[in-house]
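Colleague: Before we start, here is the structure in question, set down as structure tokens.
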Amino acid sequence: MSMHHAMDSMRQRLGRSGSGPVRLDRLAEACLAPAVMRQGFGSARMIAAWDAIVGPDLAGRTRPERIRWPGRREEPGDIAAATLVIRAEGFDALELQHMAAIILDRVNAMFGWRAVGRIAIRQAPVELGPAEPLPPPAAPAIDSPALQAVRDPDLRAALARLGACIARREDTAM
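Residues in the sequence shown are numbered from 1378 upward in steps of one, following this note's numbering.
Okay, structure coming up:
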């Protein structure tokens, strides 16, 4: 596939005919649409709003996996609600069960209608994003009067490193 053909295909998905700048969110939506649709999500909106739906703490440890839509109903106007499948591990699955009513309310508010009627929790490993890098080690505080009293330079350096490590732990605990 040539680059021009790929760009034309992208413009068709975005509903644009000319060249020029394209908003990044629309470009990302067009790129993700096929994968998102395969999982039953109408758009990537719910995946992007997962943080607001379940809260930042739980959003980091759970993932919306798919929406299972029921088959067609024979009677017109009779719309059955879908099932939201959420991937979680251990205790997080229990927390999701307790929050099920709240999650359903928030998901349906996002859709604007009662699209999802129940939640199914799939207990499976959740791929987490990259861990936050550790802060660089603090420079040892050798100018401390207590450290200046130590005559052995190797012992003084070791005590300075120990003090810096303890100070870092106290900073991260707060």
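Using N, Cα and C, we set each Cβ at its ideal position, and we do this for glycine too.
From the DSSP output, which residues share a beta bridge with A1544?
Modeller: In DSSP, A1544 forms no bridge with anything.
Colleague: From what residue to what residue does the beta strand (DSSP E) around P1447 run?
Modeller: Element bounds for P1447: n/a, residue is neither H nor E.
Colleague: At the level of alpha carbons, what is the spacing between A1501 and R1464?
Modeller: Their Cα atoms are separated by approximately 6 Å.
Colleague: Would you say the beta carbon of R1422 comes nearer than 6 Å to a heavy atom of the ligand SAM?
Modeller: As presented, the structure is devoid of all ligands, the ligand SAM included, so that no description of it is given.
Colleague: Classify D1531 as buried or exposed, calling it buried when 16 or more other Cβ atoms lie within 10 Å of its own Cβ.
Modeller: Exposed, because fewer than 16 other Cβ atoms sit within 10 Å of the Cβ of D1531.
Colleague: Below 7 Å between beta carbons: does that hold for R1483 and I1543?
Modeller: Result no, Cβ atoms of R1483 and I1543 do not sit closer than 7 Å.
Colleague: Would the beta-carbon of L1473 fall within 7 Å of that of I1444?
Modeller: No, the pair does not count as a contact, with Cβ atoms beyond the cut-off.
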